[in-house]
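Undergrad:
Number of protein chains: 2
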Amino acid sequence: MKKNATIKDIARAANVSPTAVSMALNSRTGVSDATRQRIQAIAREMDYQPNYFAQSLISRKSHSIGLIVTSISDPFYPELALGVEEVVIERGYSTILCNTKRSLEIERHVLDMLRSKNVDGVILATATRDDPHIQPLLDMRFPFVLVNRVITEFPAARKVNYVIMDSYSGAYEAGKHLYRLGHERIAIIAGSLQTSTGTERINGTLQALKDSGLDYDRSFLVECGFEREAAYQESLRLLDQNPPPSAFFAHDDNMVLGVREAVLERGLRIPEDIALVGYDNIQTTALSGIDLTTITAKQYEMGALGAKILLDIIEDTTRNMINQITLETELIIRKSCGYHLQGYCR
Amino acid sequence: MKKNATIKDIARAANVSPTAVSMALNSRTGVSDATRQRIQAIAREMDYQPNYFAQSLISRKSHSIGLIVTSISDPFYPELALGVEEVVIERGYSTILCNTKRSLEIERHVLDMLRSKNVDGVILATATRDDPHIQPLLDMRFPFVLVNRVITEFPAARKVNYVIMDSYSGAYEAGKHLYRLGHERIAIIAGSLQTSTGTERINGTLQALKDSGLDYDRSFLVECGFEREAAYQESLRLLDQNPPPSAFFAHDDNMVLGVREAVLERGLRIPEDIALVGYDNIQTTALSGIDLTTITAKQYEMGALGAKILLDIIEDTTRNMINQITLETELIIRKSCGYHLQGYCR
DNA sequence: TTTTTAGACTAAATCGTTTAAGTTTTGATG
DNA sequence: CATCAAAACTTAAACGATTTAGTCTAAAAA
Numbered sequence: 022m023k024k025n026a027t028i029k030d031i032a033r034a035a036n037v038s039p040t041a042v043s044m045a046l047n048s049r050t051g052v053s054d055a056t057r058q059r060i061q062a063i064a065r066e067m068d069y070q071p072n073y074f075a076q077s078l079i080s081r082k083s084h085s086i087g088l089i090v091t092s093i094s095d096p097f098y099p100e101l102a103l104g105v106e107e108v109v110i111e112r113g114y115s116t117i118l119c120n121t122k123r124s125l126e127i128e129r130h131v132l133d134m135l136r137s138k139n140v141d142g143v144i145l146a147t148a149t150r151d152d153p154h155i156q157p158l159l160d161m162r163f164p165f166v167l168v169n170r171v172i173t174e175f176p177a178a179r180k181v182n183y184v185i186m187d188s189y190s191g192a193y194e195a196g197k198h199l200y201r202l203g204h205e206r207i208a209i210i211a212g213s214l215q216t217s218t219g220t221e222r223i224n225g226t227l228q229a230l231k232d233s234g235l236d237y238d239r240s241f242l243v244e245c246g247f248e249r250e251a252a253y254q255e256s257l258r259l260l261d262q263n264p265p266p267s268a269f270f271a272h273d274d275n276m277v278l279g280v281r282e283a284v285l286e287r288g289l290r291i292p293e294d295i296a297l298v299g300y301d302n303i304q305t306t307a308l309s310g311i312d313l314t315t316i317t318a319k320q321y322e323m324g325a326l327g328a329k330i331l332l333d334i335i336e337d338t339t340r341n342m343i344n345q346i347t348l349e350t351e352l353i354i355r356k357s358c359g360y361h362l363q364g365y366c367r
Numbered sequence: 022m023k024k025n026a027t028i029k030d031i032a033r034a035a036n037v038s039p040t041a042v043s044m045a046l047n048s049r050t051g052v053s054d055a056t057r058q059r060i061q062a063i064a065r066e067m068d069y070q071p072n073y074f075a076q077s078l079i080s081r082k083s084h085s086i087g088l089i090v091t092s093i094s095d096p097f098y099p100e101l102a103l104g105v106e107e108v109v110i111e112r113g114y115s116t117i118l119c120n121t122k123r124s125l126e127i128e129r130h131v132l133d134m135l136r137s138k139n140v141d142g143v144i145l146a147t148a149t150r151d152d153p154h155i156q157p158l159l160d161m162r163f164p165f166v167l168v169n170r171v172i173t174e175f176p177a178a179r180k181v182n183y184v185i186m187d188s189y190s191g192a193y194e195a196g197k198h199l200y201r202l203g204h205e206r207i208a209i210i211a212g213s214l215q216t217s218t219g220t221e222r223i224n225g226t227l228q229a230l231k232d233s234g235l236d237y238d239r240s241f242l243v244e245c246g247f248e249r250e251a252a253y254q255e256s257l258r259l260l261d262q263n264p265p266p267s268a269f270f271a272h273d274d275n276m277v278l279g280v281r282e283a284v285l286e287r288g289l290r291i292p293e294d295i296a297l298v299g300y301d302n303i304q305t306t307a308l309s310g311i312d313l314t315t316i317t318a319k320q321y322e323m324g325a326l327g328a329k330i331l332l333d334i335i336e337d338t339t340r341n342m343i344n345q346i347t348l349e350t351e352l353i354i355r356k357s358c359g360y361h362l363q364g365y366c367r
């Protein structure tokens, strides 16, 4: 790597002081138009690139943010990451991507790394309900925004900025939907009880069934940690029970695809024998032959909005407000729930 | 954000010079064990974090690399990004993710941005065959590795480090496979002729058919730029021709899913009426009911290996060798080609 | 006892930029 | 023509670390 020209080199070439060069290149007043143009020409000539480290050392800004997800290979996250990245780059920042593999320890490690690299802020998509890393971030007034999942422990829960979906309502709607289609034995393939999305989705569905006058059999609720393989295994187990569930509500689409494989493997038809509802509306669910009924998660919007809020926090140190945004969900009815065959029966 | 303790603060507290502190914390000789421990204790006490900008200003290293993809929401890239990120973080670096949306101009912009942020190197997954941004990178001896796609223009092509799949062989095998299944009217839903993967995959298939004694009708070859929507539209058009193709080979799985939708929309069966072969072996292709025959692309391996090579280049300035790695492909035979129904007929 | 030398430590320069605090030049005003 | 303010420009001090070139002390060697 060839060494870049510095402001001093330009100053020497233009026969002015480094200060003059700095002022000229940053379009600040203090130099005449004539010298400004002369300096700019020389800078261009020398292919001058300001040294970012030196600038950052003074400004204490890195113009980069961290994005923490469990794994970018989980189909939930790419759209979210895209939303973040597009907003961020638009405003002159860049995005450092980190995967935690659902490990709290890696999350801590990654947060430390990001802070030591002086990122200006972090978008955390992996927060658990009692995430121990949130309060320290608040204490040191480090800018961050939670997306998709929130911390539910007080007092931190009241203080954090977040953008989430209304998981409770989404799950409520899913529960009502399955009930009105006639289902009473509804398996809930739950995400993680450690996450707000997991518990909200459980509570939403349970409430819907309760409101419908249904007594829920808790043995139909299994925690699968948002992992496809676990969902697959647990589904096989549930299908072998007597009586088996007549419907499955999985807390994300990745898991519902695991459920689907299990159902098909047992030679059962979807939706005639088993109804399926997923969550997130990832691309795959819309394919013919998959046709999964699911709930929108607006990954892109969460990412983009989270990024916007984070950058606003970073750039506007005066304002002191807490942004807590909940986006509305929508039930996307496709074929896997059987609605197209019969409509609601109650 | 509270201001961090600096080396000077520690020096003052420990009643030594900043130099001593620096030496103590970097386990360099020059301080006695006693003072070293005293200094380290004070540093811990003050929760000292070295200022990354100041360190980088001297070392000229940012310990971060750029990863450039067309769009992280394209299902091809998440696994690749994961491979990069896992290797990179393991070695104490971090990954800045950038999307070009297939625009050369954005690619240039993003490269400029990354260089101005002093990333130590770049993994470029978006190179076109005559990418104008490669030669300048070579000229300034900027560390970078191409993955998945390479530049084919000389002399740059001989000088770049890359990790790619053997697209030609993969496509050759796909062509042979379809031929031996009895197909003669094989539509090629090509990626982009601007990319090495696109042209290699065309050439591979054409050679396979030529070797089989088949005269290929070029009107069955359409360029769809690795876009699902284009693949869908072009497939509809081809299916409406007389005679229509009996098989489609799409240059990535995202496009083959578009083809699949078109075929189903026309009321045709897969594979009985139309055989399908894709490329990349993305997760979706393995689902029951999708069952696409496809070709492995080893996204994770390409990413991981590319990252490893890049970091080796960055850290070892003495060595001066060019790494050009081609990974072998494998045909994954599932149901969409019809092999399971009849086997090869020639 | 004197000389040598290794070890412990420090002062000051450096990395490349910005910025606060001057100084000089220019041109307008009375 | 003297006066003064604004404009143009410079000097020097940051930012927070590392590094080079010392200095000083104490123990070992002569």
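Residue numbers (the numbering used here), protein chains in the order written: chain H, 22 to 367; chain V, 22 to 367.
C-beta atoms are modelled at their ideal positions from N, C-alpha and C, and glycine is treated no differently.
Just so it is clear, the structure is predicted and the values come from calculations on it, not from any experiment.
In the DSSP assignment, the alpha helix (DSSP H) including residue 74 of chain H goes from what residue to what residue?
TA: Position 53 of the first sequence, counting from 1, holds the residue named residue 74 of chain H. Here the alpha helix (DSSP H) through residue 74 of chain H covers 73-80.
Undergrad: So, under 8 Å CB-CB, residue 94 of chain V and residue 114 of chain V are touching, yes? Tell me the CB distance rounded to an integer number of Å.
TA: Start at 1 with the first residue of the second sequence, and residue 94 of chain V comes out as number 73. Start at 1 with the first residue of the second sequence, and residue 114 of chain V comes out as number 93. At roughly 24 Å, the Cβ-Cβ gap does not stay under 8 Å, so residue 94 of chain V and residue 114 of chain V are not in contact.
Undergrad: Using only the heavy atoms of the ligand FMN, determine whether one of them is closer than 8 Å to the beta carbon of residue 305 of chain V.
TA: This structure simply doesn't include the ligand FMN, nor any ligand for that matter.
Undergrad: How many Å lie between residue 242 of chain V and residue 99 of chain H at the Cα?
TA: Within the second sequence, the letter at position 221 stands for residue 242 of chain V. Within the first sequence, the letter at position 78 stands for residue 99 of chain H. One C-alpha to the other measures close to 31 Å.
Undergrad: Using the Cβ count rule (16 or more neighbours within 10 Å means buried), how would you classify residue 151 of chain V?
TA: As a working note, residue 151 of chain V is residue 130 in the second sequence. Burial call: exposed.
Undergrad: Consult DSSP for residue 167 of chain V and reduce its assignment to one of helix, strand or coil.
TA: One-based indexing of the second sequence puts residue 167 of chain V at position 146. Correct three-state label for residue 167 of chain V: strand.
Undergrad: Between residue 48 of chain V and chain H, is the shortest Cβ-Cβ distance under 9 Å, so that the two count as touching?
TA: Along the second sequence, one-based indexing puts residue 48 of chain V at 27. Cβ-Cβ to chain H under 9 Å: no for residue 48 of chain V.
Undergrad: Where in the segment 284-317 of chain V do unbroken runs of the beta strand (DSSP E), each at least 3 residues long, occur, reported from the N-terminal end onward?
TA: DSSP runs (the beta strand (DSSP E)) wholly in the segment 284-317 of chain V: 296-298.
Undergrad: What is the DSSP secondary structure of residue 186 of chain V, reduced to helix, strand or coil?
TA: Sequence index remark: in the second sequence, residue 186 of chain V carries index 165 (1-based). Looking at residue 186 of chain V - three-state DSSP - the assignment turns out to be strand.
Undergrad: From residue 91 of chain H to residue 247 of chain H, what does the alpha carbon distance come to, in whole angstroms?
TA: Along the first sequence, read from residue 1 onward, the residue named residue 91 of chain H stands at position 70. Along the first sequence, read from residue 1 onward, the residue named residue 247 of chain H stands at position 226. Answer to the nearest angstrom: the Cα atoms are 10 Å apart.
Undergrad: In whole angstroms, what is the alpha-carbon distance linking residue 328 of chain H and residue 217 of chain H?
TA: Locating residue 328 of chain H in the first sequence gives position 307, counting from the first residue. Locating residue 217 of chain H in the first sequence gives position 196, counting from the first residue. Roughly 20 Å separates the two Cα atoms.
Undergrad: Checking the sheet assignment: what are the DSSP bridge partners for residue 90 of chain H?
TA: Here residue 90 of chain H corresponds to residue number 69 of the first sequence, with the count starting at 1. Bridge partners of residue 90 of chain H: H:120.
Undergrad: Taking any Cβ of chain H, which residues in the segment 96-110 of chain V have a Cβ under 8 Å from it, in chain order?
TA: Cβ contacts with chain H come from 96, 98, 99, 100, 102, 103, 106, 107, 110.
Undergrad: Skipping 5 residues on each side, what residues in its chain have a beta carbon closer than 7 Å to that of residue 294 of chain V?
TA: By 1-based counting over the second sequence, the position of residue 294 of chain V is 273. No residues qualify anywhere along the chain.
Undergrad: Keeping to the same chain, check which residues put their C-beta closer than 8 Å to that of residue 202 of chain V; ignore five residues upstream and five downstream.
TA: In the second sequence, counting from the first residue as 1, residue 202 of chain V sits at position 181. 268, 296, 358, 359, 360, 363, 365, 366.
Undergrad: Within the continuous beta strand (DSSP E) that includes residue 149 of chain V, where are the two ends?
TA: Here residue 149 of chain V refers to the residue found at position 128 when the second sequence is read from its first residue. Taken as a continuous stretch (DSSP letters only), residue 149 of chain V belongs to no beta strand (DSSP E), as it is neither H nor E.
Undergrad: At a CB distance below 8 Å, what residues from the segment 116-147 of chain H approach chain V? Give them in sequence order.
TA: So the list reads 116, 117, 118, 119, 120, 131, 134, 135, 136, 137, 138, 139, given in the order they occur along the chain.
Undergrad: Considering only residues of the same chain and omitting the five flanking positions on each side of residue 321 of chain H, which have a CB-CB separation below 8 Å?
TA: As a working mapping, residue 321 of chain H is identified with position 300 in the first sequence. Once the five neighbours on either side are set aside, the close Cβ partners of residue 321 of chain H are 100, 101, 103, 104.
Undergrad: Is the shortest distance between the beta-carbon of residue 198 of chain V and the beta-carbons of chain H less than 9 Å?
TA: The residue you call residue 198 of chain V lines up with position 177 of the second sequence. With 9 Å as the cut-off, residue 198 of chain V does not count as an interface residue toward chain H.
Undergrad: Any chance the segment 183-196 of chain H sits against the segment 221-229 of chain H, with 3 or more Cβ pairs inside 8 Å?
TA: Contact holds: three or more Cβ-Cβ distances are below 8 Å.
Undergrad: Are the C-beta atoms of residue 241 of chain V and some chain H residue less than 9 Å apart?
TA: Translated into positions along the second sequence, residue 241 of chain V becomes position 220. Residue 241 of chain V does not count as touching chain H.
Undergrad: If you drop the 5 nearest sequence neighbours on each side, which residues of the same chain put their C-beta closer than 8 Å to that of residue 119 of chain H?
TA: For the purposes of this step, residue 119 of chain H is taken as the residue at position 98 of the first sequence. Excluding residues within five positions, the ones whose Cβ falls inside 8 Å are 87, 88, 89, 90, 131, 134, 135.
Undergrad: In the DSSP assignment, find the unbroken beta strand (DSSP E) run with residue 363 of chain V in it and report its ends.
TA: Numbered from its first residue, the second sequence carries residue 363 of chain V at position 342. Per DSSP, residue 363 of chain V belongs to no beta strand (DSSP E); it is in the alpha helix (DSSP H), 360-363.
Undergrad: How big is the Cα-Cα spacing for residue 283 of chain V and residue 121 of chain V?
TA: Residue mapping note: residue 283 of chain V aligns to position 262 of the second sequence, counting from 1. Residue mapping note: residue 121 of chain V aligns to position 100 of the second sequence, counting from 1. Looking at the two C-alpha atoms, the distance is approximately 28 Å.
Undergrad: If I follow the unbroken alpha helix (DSSP H) through residue 173 of chain V, where does it start and stop?
TA: Working through the second sequence from its first residue, we reach residue 173 of chain V at position 152. Per DSSP, residue 173 of chain V belongs to no alpha helix (DSSP H) and is neither H nor E.
Undergrad: Taking the alpha-carbon positions, what's the residue 255 of chain V to residue 287 of chain V distance?
TA: For the purposes of this step, residue 255 of chain V is taken as residue 234 along the second sequence, with counting starting at 1. For the purposes of this step, residue 287 of chain V is taken as residue 266 along the second sequence, with counting starting at 1. Approximately 13 Å, taken between the alpha carbons.
Undergrad: Whose C-beta lies closer than 6 Å to the C-beta of residue 229 of chain V among residues of the same chain, with five residues either side of it excluded?
TA: Numbered from 1 along the second sequence, position 208 holds the residue referred to as residue 229 of chain V. 193, 196, 197.
Undergrad: Leaving out the 5 sequence neighbours to the left and right, which residues in its chain are closer than 8 Å to residue 226 of chain H when beta-carbon positions are compared?
TA: Translated into positions along the first sequence, residue 226 of chain H becomes position 205. Closer than 8 Å at Cβ, skipping near neighbours: 192, 193, 195, 196, 207, 209, 270.
Undergrad: Below 7 Å CB to CB, which residues in the same chain sit around residue 252 of chain V once its five sequence neighbours on both sides are set aside?
TA: Numbered from 1 along the second sequence, position 231 holds the residue referred to as residue 252 of chain V. Closer than 7 Å at Cβ, skipping near neighbours: 210, 245, 271, 276, 279, 280.
Undergrad: Can you tell me which residues form a DSSP beta bridge with residue 144 of chain H?
TA: Start at 1 with the first residue of the first sequence, and residue 144 of chain H comes out as number 123. Answer is H:88, H:166.
Undergrad: Are the CB atoms of residue 323 of chain V and residue 168 of chain V within a distance shorter than 9 Å?
TA: Looking up residue 168 of chain V in the second sequence gives position 147. Looking up residue 323 of chain V in the second sequence gives position 302. Cβ distance < 9 Å, so residue 168 of chain V and residue 323 of chain V count as in contact.
Undergrad: Leaving out five residues before and five after residue 298 of chain H in sequence, what residues of the same chain have Cβ atoms less than 6 Å from its Cβ?
TA: The residue given as residue 298 of chain H occupies position 277 in the first sequence. Cβ neighbours of residue 298 of chain H beyond the five flanking positions: 195, 270, 314, 358.
Undergrad: In the DSSP assignment, what residue or residues form a beta bridge with residue 115 of chain V?
TA: For the purposes of this step, residue 115 of chain V is taken as residue 94 along the second sequence, with counting starting at 1. Looking at the DSSP assignment, residue 115 of chain V forms a beta bridge with V:85.
Undergrad: Any residues in the segment 35-63 of chain V with a beta carbon nearer than 8 Å to a beta carbon of chain H? Which ones, in chain order?
TA: Here the close residues number zero.
Undergrad: Measure the alpha-carbon distance for residue 59 of chain H versus residue 71 of chain H and round it to whole angstroms.
TA: Here the question's residue 59 of chain H lines up with position 38 in the first sequence. Here the question's residue 71 of chain H lines up with position 50 in the first sequence. If you take the alpha carbons of residue 59 of chain H and residue 71 of chain H, they lie about 17 Å apart.
Undergrad: In three-state terms, what does DSSP make of residue 262 of chain H?
TA: Against the first sequence, residue 262 of chain H aligns to sequence position 241. Correct three-state label for residue 262 of chain H: coil.
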